[in-house]
Each structure stands twice: as structure tokens, then as C-alpha cells.
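All residue numbers for the sequence shown refer to my numbering, where the first residue is 24 and numbers rise by one. Built from N, CA and C at the ideal position, the CB exists for glycine as well.
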Amino acid sequence: MFVYLNGRIIPSHQAVISIFDHGFLYGDGVYETIRVLDGFPFLLDEHLLRLAQSARALRLGIPVPFPDIKKVIQTLIRKNHFPEASIRITLTRGPGPYGFDPRPCRNPTLAISCSSFVGYPASYYRRGITAALVGVKRNHPLSLPPSVKSTSCLNGILAKIESIDLGAQEAIMSTLDDRIAEGTVSNVFAVKKNRIFTPVLGKDLLPGVTRDFVCRLARSLGLEVVEKELSINDLKTSKEIFLTSTLMNILPVTKLVWVANRKIKSIKMGVGMGPVTRILAVCFEKAARAGKWYNSPLKKF
Ligand code: PDD
Numbered sequence: 024m025f026v027y028l029n030g031r032i033i034p035s036h037q038a039v040i041s042i043f044d045h046g047f048l049y050g051d052g053v054y055e056t057i058r059v060l061d062g063f064p065f066l067l068d069e070h071l072l073r074l075a076q077s078a079r080a081l082r083l084g085i086p087v088p089f090p091d092i093k094k095v096i097q098t099l100i101r102k103n104h105f106p107e108a109s110i111r112i113t114l115t116r117g118p119g120p121y122g123f124d125p126r127p128c129r130n131p132t133l134a135i136s137c138s139s140f141v142g143y144p145a146s147y148y149r150r151g152i153t154a155a156l157v158g159v160k161r162n163h164p165l166s167l168p169p170s171v172k173s174t175s176c177l178n179g180i181l182a183k184i185e186s187i188d189l190g191a192q193e194a195i196m197s198t199l200d201d202r203i204a205e206g207t208v209s210n211v212f213a214v215k216k217n218r219i220f221t222p223v224l225g226k227d228l229l230p231g232v233t234r235d236f237v238c239r240l241a242r243s244l245g246l247e248v249v250e251k252e253l254s255i256n257d258l259k260t261s262k263e264i265f266l267t268s269t270l271m272n273i274l275p276v277t278k279l280v281w282v283a284n285r286k287i288k289s290i291k292m293g294v295g296m297g298p299v300t301r302i303l304a305v306c307f308e309k310a311a312r313a314g315k316w317y318n319s320p321l322k323k324f
């Protein structure tokens, strides 16, 4: 498999980075995950824009211009023969002396890899997954802003561990003041009386590229999308819940679990995809595959 590392496209076994890289030592870096559909990177411009925003928040320069990054992605897809793939762009502070001071790190590390797409099991889409309403809170925006897609993922990893203990496939985190924020690797939607609700974009969650696409898609289908603060009770009383991400597309949640007074509680919301989720999932697949998204992601809708 070929990967890109700091200016060169090389076989993955030759791709080596320093153990003094601050990305490795301190999680000082940002990343993006991009889906490749039929050989075309889906919503690439949106992902690159978010990479730029994340990097800016950490005052991390991107060493290669976007047109060149796009060429690298195109080359990796072709050389690896992966029409259905996921691309990972990782940008870290690069090697430097111990300590958090980023200034001595003069050479950021840019790695782009491409692997054959392995999605979630088909049964997850047929039957829906269990999501845990976990006790771990989403990072406060004044500590590590969730809007930054940083390689420091411990907040999500702790939530994930809690959800595994509860037998769930994803964790839904809330803010310190108990508003729904997002999943560990996904954005959250709820359906009530045929209206689609999702937590409003502010500082509490990652502005998901798929979230935005789904909001536009739903509106183009004449469905009402309401972006507002959601409480845990709003989720528990929804008819349908679904999650979105680059690697999930639209994944239904059919059971919620949580712990109250040291007891595990749960609600079942259905046995498979609800009707609104199904319409969106079918139309998502069609819309995503209909366009050649390379460089022209906004022509839809
Ligand atoms: N994760 N929220 C968080 C915390 C995420 O990590 C992700 C994506 C999302 C969904 O964003 P998008 O629709 O742009 O993929 C929401 C990716 C898939 C990852 O970690 O690889």
C-alpha cells in the first residue's frame, strides 16, 4: 500500500516518523477522515476547509497547498486501486524537544494514507445500534474545543470505553450542563413528529461534514430540520434517532442505555430504521454516488 509522508509517496512499510514528534508525544495535531466513493473523494473541499480551521486553532501551519494535497489524494487512490476507500490526513506539530512549547518544532509532519473501505456491519443498518448516554462529558469549549478535529481523542476514547461497558456500539456525550453534544465519532439527530432535530452548531460539537450534507439533503426533500439545543429527555422521547459521520453515513439508533442510581436503564425506539431515517439513508446514498464530488462538492441541492 502506498502512503504520502512529508513530500513523498512511498510504500507504507517505509513510512516512518520520529518518536519525538509532538503528535506522538502530546497529541499535538489535527486530522480528517474522508470517504472515497467510486474513486472520488466525497466532500473533499469541506474536509480540507475544516482541516484548515482545526490547524488554525492550534496555530499549526499546513506545509502543502490544498491543490497539491488533492493531487496526492488522487494519486493514492489510483496507485492503491481503491475505488471504495477511506483517506486519513494527519498533520502534527512534528519533531521537537520535550515540552509543550510548539516553537522549536519547525517541521510539521503531514501524512496521508488511504485504506480500503471497511464500513460498519450491515446488521447495524438493518437492526440499528445501541447508543449509551454516557457520564463522560464532552470537552468544554474553553478547554479543548470540540470544533477542532484534533488527534487528542482521549475525551471520546473514555466515553467509548464507558459505552462498551454498557454493551453499546456508540456513546452519546452531553455538555457539562447536560445538553446533547455528539457521539464519539458522530453527530446526533432525532426525529419527532416528522421533524428532524439536531444540536445547534456552536462550540460544543464538531461541525460534521456529513451532518451538514444531511441537513441540506433533508431540506431539499422538503423535510423540516431544526437545529437547536437538545436535552437528554428530548432524545429519550424521540421516535427515531440516527447518527451521521463520514464512515457511517446515516446509522440508526434503536436503543438507548444509560446508568441511573447505579442501575442500567434502557429504552427501545424500534426494531430497524424508522421511516424518516430510511428516506434520508436511501437518498443520501443516491445523492452521494450521483455526483463526482472532486472539486465540485457544492453543486448539489
Ligand atoms: N469522525 N463528531 C466527532 C467527534 C467526530 O470525530 C466525527 C467524525 C464526527 C462526524 O463528522 P464527519 O461527518 O465530518 O465525519 C462528529 C471521523 C469519522 C473520524 O474520527 O475518523
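query: Which runs of the alpha helix (DSSP H), 4 residues or longer, sit entirely within the region 220-249?
result: Runs of the alpha helix (DSSP H) inside the region 220-249: 232-243.
message: At a cut-off of 7 angstroms, would you count R16 as near the ligand PDD, judging by its Cβ distance to the nearest heavy atom?
response: The requested residue 16 does not occur in the structure, where the chain is confined to residues 24 to 324.
query: If you drop the 5 nearest sequence neighbours on each side, which residues of the same chain put their C-beta closer than 8 angstroms to that of F307?
result: F236, V237, L240, N272, I273, listed in sequence order.
task: Please say whether V159 and E185 have beta carbons closer to each other than 8 angstroms?
output: With respect to V159, E185 sits close: the two C-beta atoms are nearer than 8 angstroms.
query: Could you give the C-beta distance for P131 and G117, rounded to a whole number, given that I count them as a contact under 8 angstroms?
result: Their Cβ separation, rounded to whole angstroms, is 4 angstroms, which keeps P131 and G117 in contact under 8 angstroms.
field: C-alpha gap between S289 and Y147, whole angstroms
entry: Answer to the nearest angstrom: the Cα atoms are 18 angstroms apart.
- request: Ignoring anything shorter than 4 residues or poking outside the region 86-125, list the alpha helix (DSSP H) runs there in chain order.
  value: List check, alpha helix (DSSP H) in window: 89-103.
message: Given a cut-off of 8 angstroms on the beta-carbon distance, is the pair M133 and F25 in contact?
response: It should be pointed out that residue 133 corresponds to Leu in this sequence rather than to Met. F25 is positioned such that its CB atom lies no closer than 8 angstroms to that of L133.
query: Could you give the distance in angstroms between the alpha-carbon of Y143 and the alpha-carbon of L270?
result: For Y143 and L270, the distance between alpha carbons rounds to 8 angstroms.
Same chain, Cβ closer than 8 angstroms to L253, neighbours up to 5 away in sequence not counted: Excluding sequence neighbours, L253 sits near R202, I203, V211, A213, F220, T221, P222.
query: Between V59 and the rest of its own chain, which residues show a CB-CB distance below 8 angstroms, the 5 nearest in sequence each way excluded?
result: Result list for V59: F65, I100, F105, P106, E107, A108, S109, I110, C137, F140, in chain order.
task: May I ask you to report which of helix, strand or coil DSSP gives F324?
output: Residue placement at F324 is flagged as unreliable, the pLDDT there being 42, under the threshold of 50; a coordinate-derived value is accordingly withheld.
query: Between the region 50-57 and the region 167-184, do at least 3 Cβ pairs fall closer than 8 angstroms?
result: Touching, per the Cβ criterion.
- prompt: Expressed to the nearest angstrom, what Euclidean distance is found between the alpha-carbon atoms of T113 and I135?
  reply: If you take the alpha carbons of T113 and I135, they lie about 6 angstroms apart.
- prompt: When the Cα atoms are used, what is the spatial distance from F89 to D44?
  reply: Across the structure, F89 and D44 are spaced so that their CA atoms are roughly 23 angstroms apart.
query: Does DSSP put S268 in a helix, a strand or coil?
result: In the displayed model, S268 falls within a strand according to three-state DSSP.
query: Is any heavy atom of the ligand PDD found at a distance shorter than 7 angstroms from the C-beta of T153?
result: Distance from the C-beta of T153 to the nearest heavy atom of the ligand PDD is not below 7 angstroms.
message: Which of the three DSSP states is assigned to R202 in this structure?
response: In the three-state DSSP reduction, R202 falls in the strand class (E or B).
message: According to DSSP, is F212 part of a helix, a strand, or is it coil?
response: The answer is strand: DSSP assigns F212 an E or B state.
query: In angstroms, rounded to a whole number, what distance separates the CA positions of P298 and R242?
result: Approximately 16 angstroms between the Cα atoms of the pair.
- prompt: Just reading off the alpha helix (DSSP H) that K301 is part of, what are its end residues?
  reply: At residue 301 the sequence reads Arg, which differs from the Lys that was named. Here the alpha helix (DSSP H) through R301 covers 298-313.
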